[in-house]
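Asks: Going by the working numbering, the first residue of the sequence shown is number 1, and it counts up by one from there.
Dropping a structure here in structure tokens format, bear with me for questions.
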Amino acid sequence: MTAITSYSTGTISVAANGTAVTGVGTIWSGTNVRPGDILQIGNFQTIITDVTDPTHLVIPPWGGGAQAGVAYVVWKVSQQRIAGAQAMADVSALVAALNTTGFFWFVDVSLAAPDPSLGSDGQYALQPTTGKMWVHAAGVWTYLGIYKGFSFRGAYDNAAVYSVGDVQTTAGTSYVWINPAPGSGHPAPDANYWQVLAAKGDKGDTGAVPWSNATTWATGTNYVAAPPASVVVHPINKNLYVCIVPHLSGNFATDLAAGKWLLISQSATEAASGTALAIGVGTRVFSAVTGFSYQNGVRLRASSNGSPTNWMEGVCLYDPAAQIITMTVDKTGGAGTFGDWNFNRVGQPGAGDLTSSLNLSELTNKPAALVNLGVPGVLAGYLSGLKITSPGAVSSFSVSPGVACDRNAADMIILSAGLTKTSAAFAAGNNQGCLDTGALANGFYHVFVIRNPTGSGSVDILMSKSATAPWLPNGYTLFRRIGAVWYNSGGLFSQLLQRGREFFWPGSAMDYGTTTLGPTLTTFALASVPSGIQVLALVNIIGWSTAQNTMWWTHEVGITDNGPGYGVGGNGLEVTTVTSGNVADLRVWTNTSAQICARSTTANTTYRCFTRGWFDPLEG
């Protein structure tokens, strides 16, 4: 009688009145456990209502008390296992076939080994995903190894992941991965991971020597092209040739022209000649030249062996058969006649644009060279000459020759000859107008030296009401302010005397006068100095007061103001009570509106300011 089949691999746990059963080491597959089978723990049994997965079952509430990690039995009595008679017969036939030696049990990818409750001795288990195979012997599964086809992965990649059967190549040898665990970062030939599949072969035998030893070429000699090919040294030019067509030598030049020789190395040997020749330009012919290797058009220097500072240079032609060098001499050194010439290859001489002895005098465009060297940037603010002469009572003024750096340090402006200019609209040249734009008006005009950098690069003089942005004539882009002149409504320029960067009136003008100067700071403009720029006004101050010890001073608008006094200073003082007065010559910076300021310690102080001239920094 056949016993009821069962399954009992692993252990299980279930809570009191619990409906979930958890297994450890169990494989509750559709074959081992099915809904309807009976679960028994000890003396208690219950029906299995569902198989969740290989380690979890569902049962009715368990009445056998809590169980943890205990043995169990599943009785395979489910109605799902029952079929008809013919089906059972077919199943019996199938089971008989499955129980034959060689039958494969397939192992799920999630399992590390076959279910120990399955299989009979002589049967095999296979895990297709890894290629692992086991055989059932003596009642247990025995691991045989991995049976998997090769996967060719090309050249080794240290970052790639390799597994069993992967093949890669390193340095010409093929290796197959043998470690059961996939991995990366294990270059061959590490034996823990790789086994040689196909090793790189040994080097073959050395072939025949391609060339024979070099010999001096000779006529009437059999030369061969097959290995080893004949190699010869030309007796004159010392070049090295290999034979490429077998032949009996006759004339070397003829054989070379016929393609029987191939030049493989050109000699570096330099020539010598004993021909007595005088140093000089023109054609020079050197005969009896031996031991040279030159091409037509080579440039050579022939220098005396005993006196190397005596030499000739030029482009050469040569005739190796006649042993003649013809040199067209264009450069020489030294003088005399010599017959001990050594030849050396030299480079093409420069164009001679710059010669040390000429100290850059050969430059054809010196202003452009100065710009390219960045000189204007170094000389920013430079001004020399360009003195303004305004003698007065005439309708023109003059500017002397000089040099100035452009306002923006872009280039230098050079006035090579003095110019006289009138108040008419600008026209280039001497005794022409210089007004930039607008109608003439009584007052100061700023004077500029200007330059047109294109074409002839002309330099001229311009006057403008603007101190910083004159209207420039067409083509003129470079400019620099060089001073100021006064134009009056009578059509004449007033007299001005320039000394360096100081400008003086022939007399003086009272630009400001008051009898009410007091402790409140008073700001006033000087009509006798140009506006639009800051200048150092040269002023004469006269002041007096009826109050003894009255002190006053005059200063720049932009500085911090303090009331004059014995503790802080001043530049004028009334020392009596009879208004004897005080006089002082001062230099005071104006603002761009030509203003300065003054104050006194006592009200109703009489104050007068006379302007004698000004210092102009001419900074732009």
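Cβ coordinates follow ideal geometry from the N, Cα and C atoms, glycine included.
Just grab the DSSP bridge partners of N582 for me.
Replies: G543
Asks: Between G172, I146, A171 and T170, which lies nearest to S163 when the distance is taken from Cα to Cα?
Replies: For S163, the nearest C-alpha among the options comes from I146.
Asks: Cutting at 6 Å between CB atoms, please list the residues of its own chain near T55, excluding the five before and the five after it.
Replies: G23 and T26, listed in sequence order.
Asks: I'd like the list of long-range same chain contacts for T605, defined as Cβ closer than 7 Å, with 5 residues on each side in sequence excluded.
Replies: L517, G518, G543, S545, T550 and W552
Asks: Roughly how many angstroms lie between the CA atoms of A598 and S528, to the nearest whole one?
Replies: 17 Å
Asks: If you draw a straight line from the C-alpha of D53 to the C-alpha of A20, how long is it?
Replies: 12 Å
Asks: Per DSSP, which one or two residues make a beta bridge with I324?
Replies: D319
Asks: Indicate the three-state DSSP secondary structure (helix, strand or coil) for A441 in the structure shown.
Replies: coil
Asks: Can you tell me which of the three DSSP states D108 falls into?
Replies: D108 falls in the coil class under three-state DSSP.
Asks: Tell me the residue span of the beta strand (DSSP E) that contains N344.
Replies: Segment W341 to R345, the beta strand (DSSP E) holding N344.
Asks: Among the residues of its own chain, which have a CB less than 6 Å from the CB of A137, if the five just before and after it don't count?
Replies: D121
Asks: Can you tell me whether N332 is helix, strand or coil according to DSSP?
Replies: Before going on, a small fix: residue 332 reads as Thr here, not Asn. In the structure shown, T332 sits in a strand (DSSP, three-state: E or B).
Asks: Report the residue from G69, G36 and I48 whose alpha carbon sits nearest the alpha carbon of G10.
Replies: G69
Asks: The alpha helix (DSSP H) spanning L370 covers which residue range?
Replies: K366 to N372
Asks: One question on the structure: do G649 and D340 come within less than 8 Å of each other, judged by their Cβ atoms?
Replies: Examination of residue 649 is not possible in this model, given that the chain is present from 1 through 620 alone.
Asks: In the DSSP assignment, find the unbroken beta strand (DSSP E) run with F503 in it and report its ends.
Replies: E502 to L517
Asks: Got a sec, what are the start and stop residues for the beta strand (DSSP E) D411 sits in?
Replies: Run containing D411: none; DSSP gives neither H nor E here.
Asks: Around the C-beta of Y607, are 16 or more other C-beta atoms found within 10 angstroms, so that it is buried, or is it exposed?
Replies: Y607 should be labelled buried.
Asks: Just reading off the alpha helix (DSSP H) that D157 is part of, what are its end residues?
Replies: Neither: D157 is in no alpha helix (DSSP H) and is coded neither H nor E.
Asks: Going straight from the alpha carbon of I414 to that of T468, what length do you get?
Replies: 20 Å
Asks: What is the residue span of the alpha helix (DSSP H) that F252 lies within?
Replies: F252 to A257
Asks: Would DSSP call D616 helix, strand or coil?
Replies: In this structure, D616 counts as coil in the three-state DSSP scheme.
Asks: Could you pull out every residue in the same chain whose Cβ sits closer than 8 Å to the Cβ of V403, ignoring the five residues on either side in sequence?
Replies: Y382, L383, S384, G385, L386, M412, I413, I414 and L415
Asks: To the nearest whole angstrom, what separates the beta carbons of Y156 and I178, a pair I think is in contact under 8 Å?
Replies: In fact, because the Cβ distance is near 15 Å, the residues do not count as touching under 8 Å.
Asks: Helix, strand or coil: how does DSSP classify R81 here?
Replies: helix
Asks: Run the CB neighbour count on R499, radius 10 Å, all protein chains shown included, and call it buried at 16 or more, exposed below.
Replies: Exposed: under 16 other Cβ atoms inside 10 Å.
Asks: Considering only residues of the same chain and omitting the five flanking positions on each side of L277, which have a CB-CB separation below 6 Å?
Replies: R284
Asks: When you compare each of V224, G63 and S489 to G42 by their alpha carbons, which one comes out closest?
Replies: Closest in C-alpha terms to G42, from the list V224, G63 and S489, comes G63.
Asks: Taking the straight line between their C-alpha atoms, what separation do you get for T130 and K148?
Replies: 8 Å
Asks: Indicate whether the contact test is met: 3 or more Cβ pairs, each with one atom in the segment 464-479 and one in the segment 576-586, closer than 8 Å.
Replies: When C-beta atoms of the segment 464-479 are compared with those of the segment 576-586, fewer than three pairs fall below 8 Å, so the two segments do not count as touching.
Asks: Counting only the same chain and skipping the five closest in sequence on each side, list residues whose C-beta sits under 8 Å from that of A85.
Replies: For A85, the predicted model reports a pLDDT of 43, less than 50, meaning its position is unreliable; a value from the coordinates is still stated below. Excluding sequence neighbours, A85 sits near nothing in its chain.
Asks: Where does R345 land, buried or exposed, given buried means 16+ other C-beta within 10 angstroms?
Replies: exposed
Asks: Round the Cβ separation of G443 and W486 to the nearest angstrom and send it over; I've been treating them as touching at under 8 Å.
Replies: 7 Å
Asks: With DSSP run on the structure shown, which of helix, strand or coil describes L118?
Replies: coil
Asks: Which value, in whole angstroms, describes the spacing of the CA atoms of Q79 and G36?
Replies: 6 Å
Asks: Could you tell me the alpha carbon to alpha carbon distance between L39 and G119, rounded to whole angstroms?
Replies: So the two alpha carbons sit approximately 22 Å from each other.
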